[in-house]
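Read through the structure below, which is laid out as structure tokens, and then see the notes.
Residue numbers (the working numbering), protein chains in the order written: chain H, 1 to 620; chain R, 1001 to 1677.
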């Protein structure tokens, strides 16, 4: 109670918002000075402010999947680093995946905030660095040990008392394919940490440590109470769901993701124990990110509209056995982080059984647009430009899903505008629009996914990290999933050696031709791929839509007709999926529609049987 | 004799301020907005000032017309013509969710402003260098336009092609084709509005422009006609969203640049006032008939927004960071689901509050203020309009009091309490949520309903002081008089400084300055009133975002690069060794206008201030009806202290503060309201 005396609700509220705005200012600094599109366009970063007891005070997460990942990481830095006591002006760099919950390219930088010669707080930023010397440029899709994934820095001072540690920077530069870009982004991050340190320091100076800490206690317990009340309002019980990843990048078998949710009074447990054990390829996930995935889902049901703080997550328990898919241990390969996407989808799927009226159906499953790597003609520098497809989101009990939005696990991420792609890469975009008929049919329709066609003008590298292209999403209450995610690789057949070129230069990690009877010849239908494409080659990426809600034959006829006029739904699909027959003038054929729709309705959705890839010898 | 006239038009009132350039005197006229013909209201206001149009040098105008058109979804039916294959860019956006909703399970699927069926693609393609890869298919353009106009009945078309910021030819040709075949259809092309890349943001800005353009053009045309009838032959300006003004002729083509022009005038006034009263940190609160606009002035500068946004659509225009809510004197009170709601619907000028006797039947904030005793029914607009107090009371009882089982006073108080909560939360957004403590600011109260409500807001938020300017109801118009003409010119020239070279840099600067000078000449500015600001948008090679770096007359490439290093270092704390790259050269041509001086009021030589009368009104400090002293503002003198509870009346507004507050009058007649010691 004595701590409470040092503050009042008004001051605590001002301090709470002050911290959030400090985080926002850090973010602006980072975005304005960064060198990589992955930071300034895509928002692939997360930054946070912690108090000296490592309570999360505020964050500006570029994307949801980074929610709380820094909290795990900073604990590991302070526990494991041997860089000696921190001093004012220091910045520590750590990128050991098992500590950061990410991969080597997502280093975590930590800067202490000193007030009266003692550490009062920390500012932390993680952002994607273009290259840390892993075996392949861009993204690493098929490593079998972490030692193929780049140089690891176990928490060393990259800035000492305000001065860059040139030795360490030289080592990083020597190991990176993109030293100039990495240095640009490093400086941007240091600038952002400095802003944070300055703002937080001002806060403590202004209000005094006692008042700030008393306010923090108020903020955290208010967050905790609110979250507990929200869990208490949900039913007690246990729910499970499973989902499948295409493969691990090394062996061509579906990989099981399984989640069990337990709600008991005011606590929730997310248990990953039923998921696959560790796998040979780089889809294993560090515990930090497995926790983040659970936190996103938890937050969206408890305190969705409030800035994050550590108190809000106290009622959440996470179980992931060491050495399993969701708690990777050395030296498991971990580069893709994509199991995090799948985890979010699966947790929501389980929660939809607990509180279907509050949930949406499946959200497209993945974000598979290609990323591009190589020497950018414009700067002559090694680059990694990731682009992420927009998927359709699931319909809800009372409305259609949203069209073409980033997957829910990374929903704040932006696409790279066509004009930026074409300004920086030897690539033309021939098409960027909705994928017709991709919304899962339902009384309320799932949102539509996107389509983009990229045509190469000169040789350049491209890949996707796509991990869900073989198994469908899910509808709710009789609603259906959309089609699958699909990468189509179309060689330039005017090139005489096109066959050799594709065989030699392109790896398709998940051949999906077994799923498509209507695949044209000479093109590849696949999930994840990587390769050096040549002039005239085309990558077409078709993103999945969201799942539908309720039986599609119950959808309002006029809405179906309007969907056809606009082109969200084709006339054929209107008839097949919705039982709505339209004339050539797109008027409703009332009689034919009535007949078509005269069938029993479904009240529950079902998971169609799995279609596993045909067995084939191991690639390596 | 020469005069400048500023007219600010809001949802309810038109404020006209006439400034006599030679004597520095100014006066305010206020009249009702005429929703069916806004221009007529403006012309009426000018007539009432009794000035001959030929005596006016310039006419400066700010309007919320464009903004309200978008907010109320009352724009024209708009279509899009874009590249084939890219028809959905406008609806897909950047694929991201609003950060504020990143964890939310709720979502609102709003139909896009331009439905999918009205977005058509045509063949024709440029690359990022602006080179033509595929010629524009003119027949396809004609066909698309025909479908939009004849089948879907659009009256305005936004044209946005990829890379048009580099080469506007396809867009210009498209506009030419449409204008020739359908001269009545408005055409907005992206390259004329924004010369920056990012197709979604540029499309969205162009669509907003197209959506309001016919309405805006008609409006300006009517105004011009009215001005001409009054023999006006001077320059006609419209205030811009981010400060300065545009020639009306230029504004017609790109009304999107004036979309936040209404509130901009008040902020220019706030900056001037902050200098005069030496208060660099101000929260400016403008409460009109329809809306409340709040903006923070820090160290004498209004805060700008990173990227403006309207109805979730990005706008690539500079704009002040204004928080707006639909809450004002005309906000309608009603009961919904057992809860008392006030606004955002406004009775506006027609039918207006019940007490205006213009046909209003729903009780508003103003009706509540009459019932609570703040407004003297016999002395509104200087006694010109006699308010219907009993009608206001009866309406308030029928719609609020009876359903909630409250007395008339309780109902009136409830209306103010609800508005108070909404207003406080809007102001928190731009203060507390930006890490600013409102207790460290002065609050400036203006707009017709500002002085009646802001002291209550300040009390609630713990703000230490409220400043009430002269003629607060016309403050925005007064601010517009301070506006300089600002025209911006830019040219994109991407390249390392060393590659572009000093000569080319100078040549571009010279060309842009000549253009600026010619336009200032055209605007009637003598050379001594012209000013030029030069800047280079620079970045380190490899960065994306640029920093505006001042460019000086005798700069060398080295001195410019050094200055950029310094700016970068100051802003972000570090420099890079990468070479410096030029992206744009910008020249700002400024036509300086004379500023009205503030007239001082006399000191009280003898005797003390005596209230004109007393009347019962509701005191929020005591939460009861008590006796308020009522003063005429014109009887106040420099140095007067006026304890609360008090009501200070002037013809166009009423100031109300409470028993725990007091006011002090300065030499200009400003009132400073503070908490009693």
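Every residue gets a Cβ at the ideal spot worked out from N, C-alpha and C, and that includes glycine. Just so it is clear, the structure is predicted and the values come from calculations on it, not from any experiment.
What three-state label does DSSP hand residue 4 of chain H in the structure shown? Any reading at residue 4 of chain H needs caution, since the residue's pLDDT is 49, under 50, leaving its predicted position unreliable; the model's value is listed next. DSSP places residue 4 of chain H in helix when its eight states are reduced to three.
Where residue 1263 of chain R falls, given that 16 or more other Cβ within 10 Å makes a residue buried: buried
List the endpoints of the continuous beta strand (DSSP E) containing residue 1631 of chain R. 1624-1632
Residue 1160 of chain R - containing beta strand (DSSP E), residue span: 1156-1160
Taking any Cβ of chain H, which residues in the segment 1528-1546 of chain R have a Cβ under 8 Å from it, in chain order? 1540, 1541, 1542, 1543, 1544 and 1545
Can you tell me the Cα-Cα spacing of residue 1545 of chain R and residue 258 of chain H, whole angstroms? 43 Å
Measure from the alpha carbon of residue 220 of chain H to the alpha carbon of each residue in H:375, H:76, H:51 and H:368, then state which is nearest. H:51
Validate contact between the segment 476-489 of chain H and the segment 434-449 of chain H using beta carbons, cut 8 Å, 3 pairs: yes
Since residue 268 of chain H is in the beta strand (DSSP E), which residue starts that stretch and which ends it? 267-271
DSSP on residue 505 of chain H, reduced to helix/strand/coil? helix
Run down chain R in chain order and give the residues with a C-beta less than 9 Å from the C-beta of residue 360 of chain H. 1105 and 1107
If the cut is a Cβ gap below 7 Å, which residues of chain R does residue 76 of chain H touch? What residue 76 of chain H touches in chain R: nothing, since even the nearest Cβ is about 25 Å away.
Amino acids of chain R, ordered along the chain, whose beta-carbon sits closer than 8 Å to that of residue 411 of chain H: 1096, 1097 and 1102
Helix, strand or coil for residue 1480 of chain R? Go by DSSP, reduced to three states. helix
Output the boundary residues of the beta strand (DSSP E) element that contains residue 1237 of chain R. 1235-1239
Residues bridged to residue 1174 of chain R (per DSSP): DSSP output for residue 1174 of chain R lists no bridge partner at all.
In whole angstroms, what is the alpha-carbon distance linking residue 1301 of chain R and residue 340 of chain H? 45 Å
Could you please give the first and the last residue of the uninterrupted alpha helix (DSSP H) stretch that includes residue 596 of chain H? 590-596
Quickly, what does DSSP pair residue 114 of chain H with across the bridge? List them, please. H:119
Residue 571 of chain H versus residue 142 of chain H - alpha carbon distance: 42 Å
Provide the residue span of the beta strand (DSSP E) that contains residue 83 of chain H, from first to last. First-last for residue 83 of chain H: undefined, no H or E at that position.
On the three-state DSSP scale, how would you describe residue 133 of chain H? coil
So which residues of chain R does residue 403 of chain H contact, with C-beta pairs closer than 9 Å? 1088, 1091, 1092 and 1109
Name, please, each residue of chain R whose Cβ falls closer than 8 Å to the Cβ of residue 445 of chain H. Neighbours of residue 445 of chain H on chain R: none; closest Cβ ~10 Å, over 8 Å.
By the DSSP assignment, the alpha helix (DSSP H) with residue 1391 of chain R in it spans what residues? 1389-1396
When the distance is taken between beta carbons, is residue 368 of chain H closer than 7 Å to residue 201 of chain H? no
What are the boundary residues of the beta strand (DSSP E) that residue 625 of chain H is part of? The question about residue 625 of chain H has no answer here: the residues shown for chain H are numbered 1 through 620.
Chain-ordered residues of the segment 1411-1443 of chain R with a beta carbon less than 7 Å from chain H: 1432, 1433, 1434, 1435 and 1437
Buried versus exposed call for residue 385 of chain H [16 or more other C-beta atoms within 10 Å across all chains shown]: buried
Contact check, residue 1613 of chain R vs residue 1451 of chain R, beta carbons under 7 Å: no
Fully enclosed by the segment 372-435 of chain H, which beta strand (DSSP E) runs are 3 residues long or longer? 382-386 and 427-434
Any beta carbon of chain R sitting closer than 7 Å to that of residue 406 of chain H? yes
Within 7 Å of any Cβ in chain R, is that where the Cβ of residue 21 of chain H sits? yes
Span of the alpha helix (DSSP H) holding residue 48 of chain H? Unbroken run through residue 48 of chain H is the beta strand (DSSP E), 45-51; no alpha helix (DSSP H).
Please identify, using Cβ separations under 7 Å, the residues of the segment 1115-1137 of chain R that lie next to chain H, in order along the chain. 1115, 1116, 1117, 1127 and 1128
If you count every other CB in all the chains shown that lies within 10 Å of the CB of residue 1339 of chain R, and 16 or more means buried, which is it? exposed
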